[in-house]
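Under the working numbering, read the sequence shown as residues 272 to 478, first letter to last. Don't be surprised by glycine CBs; every beta carbon is placed ideally from N, CA and C. Nothing here was measured: the structure is a model prediction, and the numbers come from that model.
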Amino acid sequence: MTPRFSSPQAPFAALKRFATRRHPGERCELCGQGLAKGHRHLLEASTRRLVCSCEGCAVLLGGEGDRPYRAIPRAIVPLPDFRLSPAQWDALRVPIQLAYFTRSEGDSQITAHFPGPGGPIRSGVDPRDWLGLEQENPRLGTIAPEVQALLVNRMRHATEAYVVPIDAALRLSGLIRAHWRGLSGGVDVWREILGFFDELKAGRPHG
Numbered sequence: 272m273t274p275r276f277s278s279p280q281a282p283f284a285a286l287k288r289f290a291t292r293r294h295p296g297e298r299c300e301l302c303g304q305g306l307a308k309g310h311r312h313l314l315e316a317s318t319r320r321l322v323c324s325c326e327g328c329a330v331l332l333g334g335e336g337d338r339p340y341r342a343i344p345r346a347i348v349p350l351p352d353f354r355l356s357p358a359q360w361d362a363l364r365v366p367i368q369l370a371y372f373t374r375s376e377g378d379s380q381i382t383a384h385f386p387g388p389g390g391p392i393r394s395g396v397d398p399r400d401w402l403g404l405e406q407e408n409p410r411l412g413t414i415a416p417e418v419q420a421l422l423v424n425r426m427r428h429a430t431e432a433y434v435v436p437i438d439a440a441l442r443l444s445g446l447i448r449a450h451w452r453g454l455s456g457g458v459d460v461w462r463e464i465l466g467f468f469d470e471l472k473a474g475r476p477h478g
């Protein structure tokens, strides 16, 4: 299947805007309570918008199924035994060594997200290629649609993979967008990316 490349469109453009929104005095968008760094987020089902939330609202309103809001998981799950051959990576049609992958609700379409000179790029993944990867990595079959992502880092000849909350993946997108310079990104953006993965390994809050 020929991949579908596009610039970010709604609703993902709206989701990505949250990733660079950080300011003192941030408050819960549902009850107005003050929020600390690393606070919770909910996914608004009707708009696919991320909503900053206090712990109480996350517990009371977040859920699964036909509910107005879905809770964003907190866990960052390393995949130390992740299997991905060079041929499998090539089949995913990601032109750089860093991407995250999401599953849509309903049709279960897998989409790759990766940085580019003109901004974040999205590409549809052939279901046959994803199935082959999932057969070798059964954990991928449990990724929750819309609210979790597979994050893969193959920079510096490594193969590093995590199942992450979607807000963590979008934070990475925001860092890349803010620091990317020129065609290759520049030194600063790669320093930010490496720092982000250091935080994942240390288990520090991603919010």
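Reduced DSSP secondary structure (H/G/I, E/B, other) of residue i
i: residue 406; result: helix
i: residue 391; result: coil
i: residue 297; result: coil
i: residue 416; result: coil
i: residue 445; result: helix
i: residue 228; result: Nothing about residue 228 can be reported from this structure: the residues present for the chain run from 272 to 478 only.
i: residue 303; result: coil
i: residue 292; result: Residue placement at residue 292 cannot be trusted, given a pLDDT of 46 that sits under 50; the coordinates are not used to answer.
Exposure label - residue i; buried when at least 16 CB within 10 Å
i: residue 438; result: buried
i: residue 462; result: exposed
i: residue 357; result: exposed
i: residue 329; result: buried
i: residue 428; result: exposed
i: residue 460; result: buried
i: residue 313; result: buried
Whole-angstrom distance between residue j and residue i, CA atom to CA atom
i: residue 376; j: residue 458; result: 37 Å
i: residue 345; j: residue 414; result: 13 Å
i: residue 402; j: residue 382; result: 13 Å
i: residue 321; j: residue 355; result: 31 Å
i: residue 300; j: residue 418; result: 18 Å
i: residue 464; j: residue 371; result: 13 Å
i: residue 309; j: residue 338; result: 24 Å
i: residue 288; j: residue 445; result: Legend: pLDDT at residue 288 = 46, less than 50; position of this residue unreliable, value from coordinates given subsequently. Computed Cα separation, rounded: 7 Å.
i: residue 422; j: residue 440; result: 7 Å
i: residue 455; j: residue 387; result: 8 Å
i: residue 349; j: residue 434; result: 7 Å
i: residue 385; j: residue 367; result: 8 Å
i: residue 397; j: residue 363; result: 7 Å
i: residue 369; j: residue 306; result: 31 Å
i: residue 392; j: residue 302; result: 34 Å
i: residue 351; j: residue 317; result: 35 Å
i: residue 471; j: residue 448; result: 19 Å
i: residue 343; j: residue 451; result: 27 Å
Residue i - containing beta strand (DSSP E), residue span
i: residue 421; result: 419-424
i: residue 313; result: 311-315
i: residue 321; result: 320-324
i: residue 432; result: 431-436
Endpoints, the alpha helix (DSSP H) within which residue i is located
i: residue 462; result: 457-473
Contiguous alpha helix (DSSP H) assignments of at least 4 residues, all confined to the region 337-397: Those alpha helix (DSSP H) runs which fall completely within the region 337-397 and span 4+ residues are 357-362.
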